[in-house]
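S.K.:
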Ligand SMILES: Nc1ncnc2c1ncn2[C@@H]1O[C@H](COP(=O)(O)OP(=O)(O)OP(=O)(O)O)[C@@H](O)[C@H]1O
Ligand SMILES: [Mg+2]
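Numbering (the working numbering), first residue to last: 381 to 733.
Shown next, in the form of structure tokens:
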């Protein structure tokens, strides 16, 4: 750390239902949450991970900065969705510098888009035990258009994006830092947002399996809207229990049960795929997070389908919350929804330690 302190960087999670902003700072080896806030977005501002309504997103970012009195300019943001490919691949062992040069040729076969249209990043995991001439590499490829779109809204809001990360990787990082587990554990982190379920199975700090399922808490809302003929806002209130369901209670319960069954079946599919690929690494526990983690029946149905214990993960429990600047009701309300924003902010705290 420099004498004048580190630059303070903000985690900016541009989610489809809301923008979430987290400001962390390392103080004497302790990671402190300085600020956290969320600003809702209109339901169609971001669809399938793509920004449809730039003006609303820019306005939302500016509102978050204003509300929280943030003056820092540098942010880490992230994206998810179909335009993101995350794969563990086996490549000939070389140095990261050499790989930087050759990565495009090496990975062309793994990318279902034209290689000219993607931005590529990678992380060398290490040589294979059985054959050190080869190494495991975590490959991340994202369509350039999408990255440029996110960069442009962040810039238009007056900020400097220093890193563009991936939601599931950020969620995995938040988990690694805020809820450390021993080396022998294989945690499955499921971040359920409004549009996506970001799944990340980790081992020893490395993602073994990552997948974005294009389904999330928004399905409960749209089903409630459709079946009970109510507005988006009312559906959200009914779903989260902020509004009494009254005589609609039974139908509401049925919808919650049906959608939780759909989401947990999808998660189970990823789990089964992982188990078939890595028969020797059993998932030891499922950690459910994201705004929709608290959806009725979801946790129990996941446990039943996957057959492994499921626990809610709230990153704030692994941080010191500065009570002077963080509203305790906000922290209690958002907890699980803050995972990606915290993971993004942490990335910088860790890089700059
Ligand atoms: N108490 C609650 N019970 C059930 N669902 C909730 C609760 N609180 C929030 N949600 C739901 O969580 C979702 C928002 O979660 P989150 O903020 O993680 O998503 P997002 O980041 O905006 O979306 P995405 O990353 O999928 O684009 C919404 O569907 C919201 O209705
Ligand atoms: Mg999200």
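Just so it is clear, CB atoms sit at the ideal spot from N, CA and C, and this is done for glycine as well.
Could you check whether residue 723 and residue 391 sit closer than 8 Å to each other, using their CB atoms as the reference points?
M.R.: For the purposes of this step, residue 391 is taken as the residue at position 11 of the chain shown. For the purposes of this step, residue 723 is taken as the residue at position 343 of the chain shown. Taking 8 Å as the Cβ cut-off, residue 391 and residue 723 qualify as a contacting pair.
S.K.: Ligand 1 and residue 674: does the residue's C-beta get closer than 7 Å to at least one heavy atom of that ligand?
M.R.: One-based indexing of the chain shown puts residue 674 at position 294. The answer is yes for residue 674.
S.K.: Could you check whether the region 477-493 touches the region 406-423, counting it as contact only if at least three pairs of C-beta atoms, one from each stretch, sit closer than 8 Å?
M.R.: No, the region 477-493 is not in contact with the region 406-423.
S.K.: Compute the minimum distance between the beta carbon of residue 646 and the heavy atoms of ligand 1, and state whether it is under 7 Å.
M.R.: One-based indexing of the chain shown puts residue 646 at position 266. No, the Cβ of residue 646 stays beyond 7 Å of every heavy atom of ligand 1.
S.K.: Leaving out five residues on either side along the sequence, give the residues of the same chain with a beta carbon under 7 Å from the beta carbon of residue 685.
M.R.: Position 305 of the chain shown, counting from 1, holds the residue named residue 685. Cβ neighbours of residue 685 beyond the five flanking positions: 644, 645 and 648.
S.K.: Give a single yes or no on whether residue 439 has its beta carbon closer than 7 Å to a heavy atom of ligand 1.
M.R.: Translated into positions along the chain shown, residue 439 becomes position 59. Flag unset: Cβ of residue 439 not near ligand 1.
S.K.: Would you give the residue range spanned by the beta strand (DSSP E) that residue 567 belongs to?
M.R.: By 1-based counting over the chain shown, the position of residue 567 is 187. First-last of the beta strand (DSSP E) with residue 567: 567-572.
S.K.: Classify residue 472: buried if its beta carbon has 16 or more other beta carbons within 10 angstroms, exposed otherwise.
M.R.: Against the chain shown, residue 472 aligns to sequence position 92. Classification of residue 472: exposed, given that the 10 Å Cβ count is below 16.
S.K.: Are the CB atoms of residue 635 and residue 600 nearer to each other than 8 Å?
M.R.: Residue 635 sits at position 255 when you count from the first residue of the chain shown. Residue 600 sits at position 220 when you count from the first residue of the chain shown. Yes, Cβ-Cβ distance for residue 635 and residue 600 is below 8 Å.
S.K.: For the structure I just gave you, are there three or more beta carbon pairs, one from the region 548-567 and one from the region 423-431, closer than 8 Å?
M.R.: Short answer: they don't touch.
S.K.: Only counting the same chain, and skipping five residues up and downstream in sequence, which positions put a Cβ closer than 7 Å to that of residue 551?
M.R.: Mapped onto the chain shown, residue 551 falls at position 171. So the qualifying residues of the chain are 569, 571, 578, 580, 669, 719, 720 and 723.
S.K.: Quick check: the Cα distance between residue 640 and residue 678, rounded to an integer number of angstroms?
M.R.: Within the chain shown, the letter at position 260 stands for residue 640. Within the chain shown, the letter at position 298 stands for residue 678. One C-alpha to the other measures close to 5 Å.
S.K.: Assign residue 440 to one of three DSSP states: helix, strand, or coil.
M.R.: Counted from its first residue, the chain shown places residue 440 at position 60. Helix at residue 440.
S.K.: Since residue 460 and residue 576 are thought to touch, with beta carbons under 8 Å apart, how far apart are those beta carbons, to the nearest angstrom?
M.R.: Stepping through the chain shown from its first residue, residue 460 is reached at position 80. Stepping through the chain shown from its first residue, residue 576 is reached at position 196. Rounded, the Cβ-Cβ distance is 5 Å, consistent with contact.
S.K.: Quick one: Cα of residue 398 to Cα of residue 513, how far?
M.R.: Along the chain shown, one-based indexing puts residue 398 at 18. Along the chain shown, one-based indexing puts residue 513 at 133. Straight-line Cα distance between these residues: approximately 46 Å.
S.K.: Are residue 582 and residue 556 close, meaning C-beta to C-beta below 8 Å?
M.R.: Position 202 of the chain shown, counting from 1, holds the residue named residue 582. Position 176 of the chain shown, counting from 1, holds the residue named residue 556. Yes. Within cutoff.
S.K.: For residue 443, collect the residues of the same chain with a Cβ closer than 7 Å to its Cβ; drop the 5 residues on either side in sequence, then sort them by chain order.
M.R.: The sequence position of residue 443 within the chain shown is 63, counting from 1. Cβ neighbours of residue 443 beyond the five flanking positions: 419.
S.K.: Does the Cβ of residue 494 have 16 or more other Cβ atoms within 10 Å, making it buried, or fewer, making it exposed?
M.R.: Numbered from 1 along the chain shown, position 114 holds the residue referred to as residue 494. With fewer than 16 other Cβ atoms within 10 Å, it is exposed.
S.K.: Just checking residue 720 against ligand 2 - is the residue's beta carbon closer than 7 Å to any of the ligand's heavy atoms?
M.R.: Mapped onto the chain shown, residue 720 falls at position 340. The answer is yes for residue 720.
S.K.: Which residues share a DSSP beta bridge with residue 469?
M.R.: By 1-based counting over the chain shown, the position of residue 469 is 89. BP columns for residue 469 point to 517.
S.K.: Opposite residue 545 in the DSSP bridges: which residues?
M.R.: On the chain shown, position 165 is the one that residue 545 refers to. 458.
S.K.: I need the straight-line Cα distance from residue 694 to residue 553, nearest angstrom please.
M.R.: The residue you call residue 694 lines up with position 314 of the chain shown. The residue you call residue 553 lines up with position 173 of the chain shown. Spanning the two alpha carbons is a distance of roughly 13 Å.
S.K.: What would DSSP say about residue 507, mapped onto helix, strand or coil?
M.R.: Walking along the chain shown from the start, residue 507 turns up at place 127. In the structure shown, residue 507 sits in a strand (DSSP, three-state: E or B).
S.K.: Would you mind working out which of 706, 688 and 689 sits nearest residue 696, comparing C-alpha positions?
M.R.: Counting from 1 along the chain shown, the entry for residue 696 is found at position 316. It is 706 whose Cα lies nearest to the Cα of residue 696.
S.K.: Take every Cβ of the region 495-502, pair it with every Cβ of the region 427-439, and state whether three or more of those distances are shorter than 8 Å.
M.R.: Short answer: they don't touch.
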